[in-house]
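Taking full-length UniProt numbering as reference, the numbering of the sequence shown is continuous, increasing by one, and the terminal residue is 390.
The structure appears right after this line, and notes come after that.
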Amino acid sequence: MAYYRAVGELPRRRHTAFRDPSGALRYEELMGEEGFSSDSSLLYHRGVPSAIVASEPWEVGDLATTPNHPLVPRHLKLHALDTGSDAVTGRRLVLANADVRISYVVTSEVSPYYRNAVGDECVYVESGTGTVETVFGLLTYRAGDYVVIPRATTHRWLPAEESRLYPIEANGHVAPPKRYLSRFGQLLEHAPYCERDLHGPADPLLVEGADVEVLVKHRVGSGIGGSRLTYDTHPLDVVGWDGCLYPYTFNIEDFMPITGKVHQPPPVHQVFEGPGFVVCNFLPRKVDYAEGAIPVPYYHSNVDSDEVMFYVGGDYEARKGSGIGIGSISLHPGGFAHGPQPAAIEASIGVEYFEESAVMVDTFRPLELGEAGAACEDPAYAWTWAGRQV
Numbered sequence: 001m002a003y004y005r006a007v008g009e010l011p012r013r014r015h016t017a018f019r020d021p022s023g024a025l026r027y028e029e030l031m032g033e034e035g036f037s038s039d040s041s042l043l044y045h046r047g048v049p050s051a052i053v054a055s056e057p058w059e060v061g062d063l064a065t066t067p068n069h070p071l072v073p074r075h076l077k078l079h080a081l082d083t084g085s086d087a088v089t090g091r092r093l094v095l096a097n098a099d100v101r102i103s104y105v106v107t108s109e110v111s112p113y114y115r116n117a118v119g120d121e122c123v124y125v126e127s128g129t130g131t132v133e134t135v136f137g138l139l140t141y142r143a144g145d146y147v148v149i150p151r152a153t154t155h156r157w158l159p160a161e162e163s164r165l166y167p168i169e170a171n172g173h174v175a176p177p178k179r180y181l182s183r184f185g186q187l188l189e190h191a192p193y194c195e196r197d198l199h200g201p202a203d204p205l206l207v208e209g210a211d212v213e214v215l216v217k218h219r220v221g222s223g224i225g226g227s228r229l230t231y232d233t234h235p236l237d238v239v240g241w242d243g244c245l246y247p248y249t250f251n252i253e254d255f256m257p258i259t260g261k262v263h264q265p266p267p268v269h270q271v272f273e274g275p276g277f278v279v280c281n282f283l284p285r286k287v288d289y290a291e292g293a294i295p296v297p298y299y300h301s302n303v304d305s306d307e308v309m310f311y312v313g314g315d316y317e318a319r320k321g322s323g324i325g326i327g328s329i330s331l332h333p334g335g336f337a338h339g340p341q342p343a344a345i346e347a348s349i350g351v352e353y354f355e356e357s358a359v360m361v362d363t364f365r366p367l368e369l370g371e372a373g374a375a376c377e378d379p380a381y382a383w384t385w386a387g388r389q390v
């Protein structure tokens, strides 16, 4: 995170005895990244945060992947998927590589308590409202939110209504792009959003309980597995915390698109970065205004990356005639020149405004298909530029 927050009860000085009114000691936990050399927060618990009474295996679901071979662009229809009932155990894997896993879930039920010890999660809310209970406090979410949850944050999802969620799981940390930040971490004037657009917990969330189960996703050898830890006291027992590491939400309505006289490249739409990938969003905006400008993208070859577009709103101009609609994903792999459908180029000339919303993930290693991606593919998509059905 780019700035400091303090929530709840805190002692005047760090790493000193902090007691409740009855004299009982609060237990201090430092939650920090990169071995005490990056962002951190100090949390003060009522109970001992290490006190577990059981540990059992947890099967995290099917994480197997299939290479994109032979190489083709792909169209995946996420709204055709049947998913599980909660935001954690109901996820189905769509695309993945060694740096990132992209899943999809439609949920209306409360999830188990959960902690991802592999990396940060950036969950895009396609639709629905609800809350996320975390060890730092409560977050509310709505359609268009990115919910960014730091690695190893205990939390659970409580939908108020059916929610369509698009989890992007990193194998490291997710943060604003470095070029948006000052050398001290403040978001700069050229950034398309600022700190007041980021909404973290405002108050502690104190929950009582004993023998509380938490599902933990973690490394197992060279792969990913899960454990079911049972805690002696409730892990959401923090009376106060301060620091620069905490979960937050950011809504795409607060992103200010950058436009120009001619077509702007995708990096101007970037929201976050992670190790081996970036996240961008394309939103309703005024488009190119130079005489003769072509507002839809030019054909381009992502020689260093795979491009994943999740179409979440409006009418995406460049994809007209391809079969892609709301709830679709397009995967355009490195080594494949892609761009608009041919008829969309001429049709876009003179257009002044695009009413479209999409979330893009660009990865710098090839993506493979998860079981859900293979289950919802439109096999005709690859041939649409040539106007053929194969």
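Quick reminder that beta carbons are idealized off the backbone N, C-alpha and C, glycines included.
From a predicted model like this one, the values you see are computed outputs, not experimental measurements.
Hey, quick one: how far does the beta strand (DSSP E) through residue i stretch, first residue to last?
{"i": "Ser348", "result": "Taken as a continuous stretch (DSSP letters only), Ser348 belongs to no beta strand (DSSP E), being part of the alpha helix (DSSP H) at Pro342 to Ser348."}
{"i": "Gly323", "result": "Per DSSP, Gly323 belongs to no beta strand (DSSP E) and is neither H nor E."}
{"i": "Pro67", "result": "Thr65 to Pro67"}
{"i": "Leu30", "result": "Tyr27 to Gly32"}
{"i": "residue 394", "result": "In this structure the chain extends from 1 to 390, so residue 394 is not present and cannot be described."}
{"i": "Pro57", "result": "Ile52 to Trp58"}
{"i": "Ala96", "result": "Arg92 to Ala96"}
{"i": "Lys77", "result": "Arg74 to Lys77"}
Can you tell which of the options has its C-alpha closest to the C-alpha of residue i?
{"i": "Arg142", "options": "Ala386, Ala160, Leu78 and Tyr44", "result": "Ala160"}
{"i": "Val351", "options": "Glu368, Pro284, Asp378 and Ala374", "result": "Pro284"}
{"i": "Glu291", "options": "Val308, Gly260, Pro266 and Ser305", "result": "Gly260"}
{"i": "Pro265", "options": "Glu121, Tyr381 and Gly339", "result": "Gly339"}
{"i": "Arg5", "options": "Asp99, Asp203, His79 and Tyr316", "result": "Asp203"}
{"i": "Arg365", "options": "Arg91, Gly276 and Val312", "result": "Gly276"}
{"i": "Arg13", "options": "Tyr44, Ala374 and Ser37", "result": "Tyr44"}
{"i": "Ala210", "options": "Arg151, Leu236 and Pro192", "result": "Leu236"}
{"i": "Ile52", "options": "Pro257, Gly313, Asp232 and Val361", "result": "Asp232"}
{"i": "Ser127", "options": "Asn171, Val207, Ser163 and Pro247", "result": "Ser163"}
{"i": "Trp385", "options": "Gly321, Pro333, Gly335 and Ser330", "result": "Gly321"}
{"i": "Pro67", "options": "Arg151, Gly373 and Trp241", "result": "Gly373"}
{"i": "Glu56", "options": "Val359, Arg228, Leu10 and Pro379", "result": "Arg228"}
{"i": "Leu206", "options": "Met309, Pro342 and Val238", "result": "Val238"}
{"i": "Asp197", "options": "His173, Arg219, Ala375 and Tyr146", "result": "Tyr146"}
{"i": "Thr230", "options": "Leu215, Thr153, Ser222 and Gly243", "result": "Leu215"}
{"i": "residue 434", "options": "Pro177, Arg115 and Asn251", "result": "No information on residue 434 is available, as it lies outside the stretch 1 to 390 that the chain covers here."}
{"i": "Ile324", "options": "Asn251, Gly313 and Thr83", "result": "Gly313"}
{"i": "Val7", "options": "Glu34, Phe272, Tyr180 and Ser41", "result": "Ser41"}
{"i": "Ser85", "options": "Val110, Arg183, His190 and Ile102", "result": "Val110"}
{"i": "Glu34", "options": "Ala17, Arg74 and Asn171", "result": "Asn171"}
{"i": "Ser50", "options": "Val148, Val100 and Tyr27", "result": "Tyr27"}
{"i": "Asp378", "options": "His190, Ser182 and Ser330", "result": "Ser330"}
{"i": "Val148", "options": "Pro11, Asn251 and Gly23", "result": "Asn251"}
{"i": "Lys286", "options": "Thr131, Leu63, Val135 and Glu356", "result": "Glu356"}
{"i": "Thr131", "options": "Thr140, Tyr124, Met309 and Arg183", "result": "Thr140"}
{"i": "Lys178", "options": "Glu121, Phe18 and Glu273", "result": "Glu273"}
{"i": "Glu169", "options": "Ala152, Leu181 and Ala358", "result": "Ala152"}
{"i": "Pro112", "options": "Ile102, Val118 and Gly90", "result": "Gly90"}
{"i": "Gly335", "options": "Ala87, Leu71, Ala17 and Val125", "result": "Leu71"}
Any idea which residues DSSP pairs residue i with across the strands?
{"i": "Arg13", "result": "DSSP output for Arg13 lists no bridge partner at all."}
{"i": "Glu356", "result": "Gly314"}
{"i": "Val308", "result": "Leu331 and Val361"}
{"i": "Gly8", "result": "Gly240"}
{"i": "Gln270", "result": "Cys280"}
{"i": "Leu367", "result": "According to DSSP, Leu367 bridges with nothing at all."}
{"i": "Lys286", "result": "Tyr353"}
{"i": "Ser301", "result": "Ala337"}
{"i": "Asp86", "result": "Glu109"}
{"i": "Val100", "result": "Ala170"}
Hey, would you say the C-beta of residue i is under 6 Å away from at least one heavy atom of the ligand ZN?
{"i": "Tyr124", "result": "Absence of the ligand ZN is noted for the structure shown, with no ligands found whatsoever."}
Could you check where the alpha helix (DSSP H) with residue i kicks off and where it finishes?
{"i": "Gly373", "result": "Glu371 to Ala375"}
Spatial neighbours of residue i within its chain, please: CB distance less than 7 Å, with the 5 preceding and 5 following residues excluded, ordered by chain position.
{"i": "Thr65", "result": "Ala96, Glu368, Leu369 and Gly370"}
{"i": "Ser348", "result": "Ile294, Pro295, Val296 and Glu317"}
{"i": "Glu133", "result": "His155, Arg156, Leu158, Leu205 and Leu236"}
{"i": "Ile345", "result": "Ile294 and Val296"}
{"i": "Tyr289", "result": "Lys261"}
{"i": "Gly137", "result": "Val7, Pro201, Ala202, Asp203, Pro204 and Leu205"}
{"i": "Val60", "result": "Lys217, Ile224, Gly225 and Gly226"}
{"i": "Arg19", "result": "Leu25 and Arg26"}
Using a Cβ-Cβ distance cut-off of 7 Å, determine whether residue i contacts chain B.
{"i": "His338", "result": "The chain labelled as chain B is not found in the depicted structure, where only one protein chain is given."}
Who are the near neighbours of residue i in its chain, counting only those whose CB is closer than 6 Å to its CB and skipping five residues on each side?
{"i": "residue 394", "result": "The structure shown has nothing for residue 394, since the chain only spans 1 to 390."}
{"i": "Val390", "result": "At Val390 the pLDDT is 45, less than 50, meaning the model places this residue with poor confidence; the figure from the coordinates comes in the next sentence. Closer than 6 Å at the Cβ level, and outside the excluded window around Val390, lie Trp383."}
{"i": "Met256", "result": "Pro192"}
{"i": "Trp58", "result": "Leu215, Gly226, Ser227 and Arg228"}
{"i": "Asp254", "result": "Tyr193 and Asp197"}
{"i": "Ala343", "result": "Gly321"}
Near residue i, which residues of its chain fall below 8 Å by C-beta distance, leaving aside the five closest residues on each side in sequence?
{"i": "Leu245", "result": "Met1, Met31, Gly32, Glu33, Asp39, Ser40, Ser41 and Pro150"}
{"i": "Tyr381", "result": "Pro73, Arg74, His75, Ser322, Gly323, Ile324 and Ser330"}
{"i": "Ile258", "result": "Pro192, Gln264, Val268 and His269"}
### Message
Going residue by residue through the UniProt domain "Homogentisate 1,2-dioxygenase N-terminal" (104–251), where are the continuous beta strand (DSSP E) segments of at least 3 residues, counting only ones entirely within it?
### Response
Fully enclosed beta strand (DSSP E) runs of 3 or longer: 113–116, 121–127, 130–134, 137–141, 145–149, 155–159, 163–170, 210–220, 223–233, 238–243 and 248–251.
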